[in-house]
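J.:
2 protein chains.
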Amino acid sequence: METRELRYFVAVAEELHFGRAAQRLGMAQPPLSRAISQLERRLGVNLLHRTSRSVTLTEAGAVLLREGRAALGAVEAAERRTRRASENSGLVLVSKAGATGELLPKLLDAYAAEPGAVPIEVVLCGAGQQEALLRDGRADVALLHLPFDSTAGLDAEELTTESQVLVMPAGHELSTRASVRMSDLAGLALPRWPELDGTYLQGPGPEVHDATQLLQLISLGRAVTVLPESVRASLHEGLTTVPVLDAPLVTTVIAWPPHSRSLALAGLVQAATRL
Amino acid sequence: METRELRYFVAVAEELHFGRAAQRLGMAQPPLSRAISQLERRLGVNLLHRTSRSVTLTEAGAVLLREGRAALGAVEAAERRTRRASENSGLVLVSKAGATGELLPKLLDAYAAEPGAVPIEVVLCGAGQQEALLRDGRADVALLHLPFDSTAGLDAEELTTESQVLVMPAGHELSTRASVRMSDLAGLALPRWPELDGTYLQGPGPEVHDATQLLQLISLGRAVTVLPESVRASLHEGLTTVPVLDAPLVTTVIAWPPHSRSLALAGLVQAATRL
DNA sequence: GCCGGCGATACCGTGGGGGTATGGAAACGC
DNA sequence: GCGTTTCCATACCCCCACGGTATCGCCGGC
Numbered sequence: 001m002e003t004r005e006l007r008y009f010v011a012v013a014e015e016l017h018f019g020r021a022a023q024r025l026g027m028a029q030p031p032l033s034r035a036i037s038q039l040e041r042r043l044g045v046n047l048l049h050r051t052s053r054s055v056t057l058t059e060a061g062a063v064l065l066r067e068g069r070a071a072l073g074a075v076e077a078a079e080r081r082t083r084r085a086s087e088n089s090g091l092v093l094v095s096k097a098g099a100t101g102e103l104l105p106k107l108l109d110a111y112a113a114e115p116g117a118v119p120i121e122v123v124l125c126g127a128g129q130q131e132a133l134l135r136d137g138r139a140d141v142a143l144l145h146l147p148f149d150s151t152a153g154l155d156a157e158e159l160t161t162e163s164q165v166l167v168m169p170a171g172h173e174l175s176t177r178a179s180v181r182m183s184d185l186a187g188l189a190l191p192r193w194p195e196l197d198g199t200y201l202q203g204p205g206p207e208v209h210d211a212t213q214l215l216q217l218i219s220l221g222r223a224v225t226v227l228p229e230s231v232r233a234s235l236h237e238g239l240t241t242v243p244v245l246d247a248p249l250v251t252t253v254i255a256w257p258p259h260s261r262s263l264a265l266a267g268l269v270q271a272a273t274r275l
Numbered sequence: 001m002e003t004r005e006l007r008y009f010v011a012v013a014e015e016l017h018f019g020r021a022a023q024r025l026g027m028a029q030p031p032l033s034r035a036i037s038q039l040e041r042r043l044g045v046n047l048l049h050r051t052s053r054s055v056t057l058t059e060a061g062a063v064l065l066r067e068g069r070a071a072l073g074a075v076e077a078a079e080r081r082t083r084r085a086s087e088n089s090g091l092v093l094v095s096k097a098g099a100t101g102e103l104l105p106k107l108l109d110a111y112a113a114e115p116g117a118v119p120i121e122v123v124l125c126g127a128g129q130q131e132a133l134l135r136d137g138r139a140d141v142a143l144l145h146l147p148f149d150s151t152a153g154l155d156a157e158e159l160t161t162e163s164q165v166l167v168m169p170a171g172h173e174l175s176t177r178a179s180v181r182m183s184d185l186a187g188l189a190l191p192r193w194p195e196l197d198g199t200y201l202q203g204p205g206p207e208v209h210d211a212t213q214l215l216q217l218i219s220l221g222r223a224v225t226v227l228p229e230s231v232r233a234s235l236h237e238g239l240t241t242v243p244v245l246d247a248p249l250v251t252t253v254i255a256w257p258p259h260s261r262s263l264a265l266a267g268l269v270q271a272a273t274r275l
């Protein structure tokens, strides 16, 4: 199977529409139709249920969509990492915007002080994006927060564990409490984070994709939220916190794609675990 | 990058010889040369140091070899899993030959008794091969033994933990001891297992690649070894064991590629964790 | 200095990937 | 019910790029 065929199939499977998929791929619809049928014939597998009115995935098609995306990611990663290896341009570290508190600057300082340190480029992204960046080679190493992020398919080392606090505007009704429990938060407008596929579940509460955005919404009184206690270091005026006793503990880990330990990466991980 | 180009590069990088690589690929040498230079030009990266006498990898080339193999594995996996999904032919479970004792039959029985169980094909392979089989889609789920195998890049659930015993012929000088320590084994002919790349380190002791082979060598008095205590259930006459007090504990885990939880796989994992 | 080995270059033929035009089936409007 | 629209498949054509053969250029060994 060629990556070209995979790209074609993924486009069709995502659009469920040959015309739009062809447009997205910058080609005409007939060759795309032909390419997909050829792929099906070569695999000996029906990937799509077609009527002249609609296209849907077969079970095998769904498998190829999932596995094909991963394979395309791996190919892209190979390409990007090769390019970067030739430029010798250090490491790319990705973290959620606004979610690392003091840890990230401390890590960067500690690592930079090591002999043989390479430049570290820091990329901040929205929630749930780090894994995709690692997977397709746009990043080499990530700071993740369990249990929100998943380390599935990654190597990881634990760095810190912390409890969580409720973040709210200073005048909020719960702000005078010494502590709260999750049950006290029932009915409050907790923000909704994107799912793995980038969409949002239905529900009350605003849709957010990074911490800055979220904190601003809280300042405006449009939301409250539960976050790791380290955010207290970076709160503006007008926001206050109280501990949430029974919120899950948050573990910050440093994670990287398996089998891609360069010397530089090993040094960074070592510096991180020594913090 | 097309998978064809990747296959070409991997062949050349492994052979370090255009002629042999071309032969392996079933093509003539000139188009291969051209394809590789095109790849280098398109990537904007030098992958090979060439003299008219020899070919070696550049640093970037080494990265592309590593990442390219993984990417090709992912593409193959996509293809195989798609085919298998269309035939609806159950799951393929891989384990080291002779290393699972009672656990494997118990797991298969327990799972088969569940409603909606699919057929499980069992593949037994040599040490250190399971990960490759999972990676390229020839298997869906594996039984691994920590700390010998690695779960890097896989999802896993722990099943059992056990201590290790020394396995030796009945008349062996240590067979009368109630227990031994690792230091007692210094100088004995411990067998050598293959490394991740399938080669063997230099050293005394025979080269082995599965437990059956190993037990036979022990019967012949050509080796002794340290294995998880569950092997005692499957030892023939003439072999005996004593506990090794300070050998690392062995954890058996069930592992699968991340993000490939089919319903059938989820059922199998659940059955395994309930054992 | 000649030969042998190896990678690069030159040149050619063909298959397949991509384009346009059109067919054909199904849903929708009136 | 018939025209219209929508959307995938088919028919046909063109051209590029992939692969093959022949040959060159370089280098090391006998």
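Chains as they are written, first to last, in my numbering: chain A, 1 to 275; chain B, 1 to 275.
Every residue, glycine too, gets a C-beta built ideally from N, C-alpha and C.
Since the structure is predicted, the reported quantities are computational estimates derived from the model, not experimental observations.
#1: Tell me whether B:THR161 sits in a helix, a strand or coil according to DSSP, three-state version.
#2: So the beta strand (DSSP E) A:SER219 belongs to, where does it begin and stop?
#3: As an exercise, report each continuous alpha helix (DSSP H) stretch of at least 4 residues that is fully enclosed by the segment 6-94 of chain B, in chain order.
#4: Using DSSP with H/G/I as helix, E/B as strand and the rest coil, what is B:GLU173?
#5: Please name the residue in B:VAL167, B:VAL226 and B:GLU207 whose C-alpha comes closest to that of B:HIS236.
#6: By how many angstroms is the C-alpha of B:ASP210 removed from the C-alpha of A:GLU67?
#7: Are the segment 40-59 of chain B and the segment 34-47 of chain A touching, with three or more C-beta to C-beta distances below 8 Å?
#8: My parser needs the beta strand (DSSP E) runs of 3 or more residues fully inside the segment 215-272 of chain B; what are they?
#9: Is A:LEU103 helix, strand or coil when you go by DSSP?
#10: Could you tell me the distance, in whole angstroms, from the CA atom of B:GLN291 to the CA atom of B:VAL224?
#11: Hey, would you say B:SER54 sits closer than 9 Å to B:LEU25, going by beta carbons?
#12: Mind the definition here: the segment 135-146 of chain B touches the segment 89-108 of chain B only if three or more C-beta pairs lie below 8 Å; say whether that holds.
#13: For A:SER219, I'd like the list of residues in its chain whose CB is within less than 6 Å of its CB, leaving aside the five on either flank, ordered along the chain.
#14: Assign B:ALA132 to one of three DSSP states: helix, strand, or coil.
#15: Using C-beta distances below 7 Å, list every residue in its chain close to A:THR3, excluding the 5 sequence neighbours before and after it, in chain order.
#16: Give me whichever residues DSSP pairs with A:VAL122 in a beta bridge.
#17: Applying a beta-carbon distance threshold of less than 9 Å, which residues of chain A neighbour B:GLU237?
#18: Which class does A:ARG4 belong to by DSSP, given the choice of helix, strand or coil?
#19: Hey, out of B:GLY19, B:MET27, B:ALA77 and B:ARG222, whose CA is closest to B:GLY171's CA?
#20: Compile a chain-ordered list of the residues in the segment 213-236 of chain A whose CB is closer than 9 Å to at least one CB of chain B.
#21: If you compare alpha carbons, which of B:TYR8, B:GLU121, B:ALA77 and B:SER163 is closest to B:LEU249?
#22: At a CB-CB cut-off below 7 Å, which residues of chain A make contact with B:THR199?
#23: Within 10 angstroms of the Cβ of A:ALA186, are there 16 or more other Cβ atoms? Answer buried if so, exposed if not.
#24: What residues match up with B:VAL208 in a beta bridge as DSSP calls it?
#25: Comparing alpha-carbon positions, which option in A:ALA233, A:LEU174 and A:PRO194 lies nearest A:LEU277?
#26: What first and last residue would you give for the beta strand (DSSP E) that runs through A:LEU144?
#27: Does the beta-carbon of A:GLN130 have 16 or more other beta-carbons within 10 angstroms, so that it is buried, or is it exposed?
#28: Could you check which residue in A:GLU195, A:ASN88 and A:ALA60 has the C-alpha nearest to that of A:ASP149?
#29: Quick check on this structure: which residue in B:VAL231, B:VAL12 and B:ALA264 has the alpha carbon closest to the alpha carbon of B:PRO119?
#30: Does the CB of A:SER37 have a neighbour CB from chain B at under 9 Å?
#31: Would A:GLU138 pass as an interface residue toward chain B - the criterion being a Cβ-Cβ separation below 9 Å?
#32: Show which residues of chain B have a CB atom less than 7 Å away from the CB atom of A:PRO258.
#33: Look up B:ASP155 in the DSSP assignment and say whether it is helix, strand or coil.
#34: For B:LEU188, name the three-state secondary structure that DSSP assigns.
#35: Using CA coordinates, which residue listed in A:VAL208, A:TRP193 and A:VAL165 is at the minimum distance from A:LEU245?
T.: Taking the coordinates as given:
#1: The residue you call residue 161 of chain B lines up with position 161 of the second sequence. Correct three-state label for B:THR161: strand.
#2: Mapped onto the first sequence, residue 219 of chain A falls at position 219. Run containing A:SER219: none in the beta strand (DSSP E); it sits in the alpha helix (DSSP H), 211-219.
#3: 18-25, 29-43 and 59-87
#4: The residue labelled residue 173 of chain B in the question sits at position 173 within the second sequence. B:GLU173: coil per DSSP, three-state reduction.
#5: For the purposes of this step, residue 236 of chain B is taken as residue 236 along the second sequence, with counting starting at 1. Minimum Cα distance to B:HIS236 is reached at B:VAL167.
#6: The residue given as residue 67 of chain A occupies position 67 in the first sequence. The residue given as residue 210 of chain B occupies position 210 in the second sequence. Roughly 31 Å separates the two Cα atoms.
#7: no
#8: 225-228, 239-243 and 250-256
#9: Numbered from 1 along the first sequence, position 103 holds the residue referred to as residue 103 of chain A. Three-state DSSP puts A:LEU103 in a helix.
#10: Residue 291 of chain B is absent from the structure shown; chain B starts at 1 and stops at 275.
#11: On the second sequence, position 54 is the one that residue 54 of chain B refers to. On the second sequence, position 25 is the one that residue 25 of chain B refers to. No. Outside cutoff.
#12: yes
#13: Along the first sequence, read from residue 1 onward, the residue named residue 219 of chain A stands at position 219. If we look at A:SER219 and ignore the five residues flanking it on each side, its Cβ neighbours are GLY238.
#14: In the second sequence, the residue the question calls residue 132 of chain B occupies position 132. Three-state DSSP puts B:ALA132 in a helix.
#15: In the first sequence, residue 3 of chain A corresponds to position 3, counting from 1. Excluding residues within five positions, the ones whose Cβ falls inside 7 Å are LEU72 and VAL75.
#16: Position 122 of the first sequence, counted from the first residue, corresponds to residue 122 of chain A. Paired residue(s): A:LEU93.
#17: Position 237 of the second sequence, counting from 1, holds the residue named residue 237 of chain B. Those do not exist, as B:GLU237 stays about 43 Å from chain A at its closest Cβ, beyond 9 Å.
#18: On the first sequence, residue 4 of chain A is found 4 positions in, with the first residue counted as 1. In the structure shown, A:ARG4 sits in a helix (DSSP, three-state: H, G or I).
#19: The residue you call residue 171 of chain B lines up with position 171 of the second sequence. Cα-wise, what sits closest to B:GLY171 is B:ARG222.
#20: none
#21: Locating residue 249 of chain B in the second sequence gives position 249, where the first residue counts as 1. Of the candidates B:TYR8, B:GLU121, B:ALA77 and B:SER163, the one whose C-alpha sits nearest the C-alpha of B:LEU249 is B:SER163.
#22: The count along the second sequence starts at 1 and reaches residue 199 of chain B at position 199. Chain A residues near B:THR199: none, gap ~17 Å exceeds 7 Å.
#23: If you number the first sequence from 1, residue 186 of chain A lands on position 186. Under this definition A:ALA186 is an exposed residue.
#24: For the purposes of this step, residue 208 of chain B is taken as residue 208 along the second sequence, with counting starting at 1. Answer is none; B:VAL208 lacks a bridge partner.
#25: Examination of residue 277 of chain A is not possible in this model, given that chain A is present from 1 through 275 alone.
#26: The sequence position of residue 144 of chain A within the first sequence is 144, counting from 1. Segment 141-146, the beta strand (DSSP E) holding A:LEU144.
#27: By one-based count along the first sequence, residue 130 of chain A stands at place 130. So A:GLN130 counts as buried.
#28: Here residue 149 of chain A is taken as the residue at index 149 of the first sequence, counted from 1. It is A:GLU195 whose Cα lies nearest to the Cα of A:ASP149.
#29: Residue numbering aside, residue 119 of chain B sits at position 119 when the second sequence is read from its first letter. Looking at the Cα atoms, B:ALA264 is the closest of the given residues.
#30: As a position in the first sequence, residue 37 of chain A is number 37, starting the count at 1. Answer no: the Cβ-Cβ gap between A:SER37 and chain B never drops below 9 Å.
#31: What you label residue 138 of chain A is simply residue 138 of the first sequence in a count that begins at 1. The residue asked about is misnamed: residue 138 of chain A is Arg in this sequence, not Glu. Cβ-Cβ to chain B under 9 Å: no for A:ARG138.
#32: The count along the first sequence starts at 1 and reaches residue 258 of chain A at position 258. Chain B residues near A:PRO258: ALA152 and GLY153.
#33: Counted from its first residue, the second sequence places residue 155 of chain B at position 155. Strand.
#34: To locate residue 188 of chain B, count along the second sequence from 1; it is residue 188. Coil.
#35: Walking along the first sequence from the start, residue 245 of chain A turns up at place 245. It is A:VAL165 whose Cα lies nearest to the Cα of A:LEU245.
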